[in-house]
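Below you'll find the structure, written out as structure tokens, and then a few comments.
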Amino acid sequence: MNFLDLMQTLEERLGYQHLPLNPSSRGIKDIFDGSAVHHELMIRLVRAIFAANRCQRLADPVTHAATFNALGPLRLETLRSGSTDVCTYRFLEELCRALDRAFAEDAMPAREAKPRATPPTASVVSIDSARRSHRFRSVR
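Right, dumping it as structure tokens:
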């Protein structure tokens, strides 16, 4: 997985409000399309991930270990800060889960799509033949 793929996966999982990517970005400086909810934190995280993976372009590969090594100190600093609110804490937890899932899915071998079996169709039962086999009593 490359850096841009990772960022696009995170944008998809976390939402545009948390990671507003610029689709026409050419480098790390213009990767954001607007301001994220936790803008300063996201700028620091994205730059740390970029640097820890020794990326020079958005298409450079990233690894699970280097990404989490970059995330760790910033996460710890944010969680220890007295000004961290519940929303930021939850966002960091969700970011960690999203990163973990992104790398786990990238490591899985591609599964071949199996064609689905056509479900059996229903058979039509004639009502006339069913009525003939039963005699109804008349109620007087």
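Start counting the sequence shown at 192; every next residue gets the next number (our numbering).
All C-beta atoms in this analysis are idealised placements derived from N, C-alpha and C, irrespective of residue type, glycine included.
In the DSSP assignment, find the alpha helix (DSSP H) that holds residue i and state where it starts and stops.
i    : result
T258 : H255 to R271
H230 : H230 to A243
N275 : For clarity, residue 275 is Thr in the given sequence; the question names Asn instead. Element bounds for T275: n/a, residue is neither H nor E.
D196 : F194 to L205
DSSP has residue i in a bridge; who is on the other side?
i    : result
D212 : The sequence shown places Leu at residue 212, rather than the Asp named in the question. Beta-bridge pairing links L212 to F223.
Looking at residue i: is its Cβ nearer than 7 Å to the Cβ of residue j?
i    : j    : result
L212 : M198 : yes
A293 : A261 : no
P264 : N193 : no
A243 : A257 : yes
H209 : V237 : no
L249 : L195 : yes
S216 : I222 : yes
Using a Cβ distance threshold of 8 Å, determine whether the region 277-295 contacts the region 202-220, with at least three qualifying pairs required.
yes
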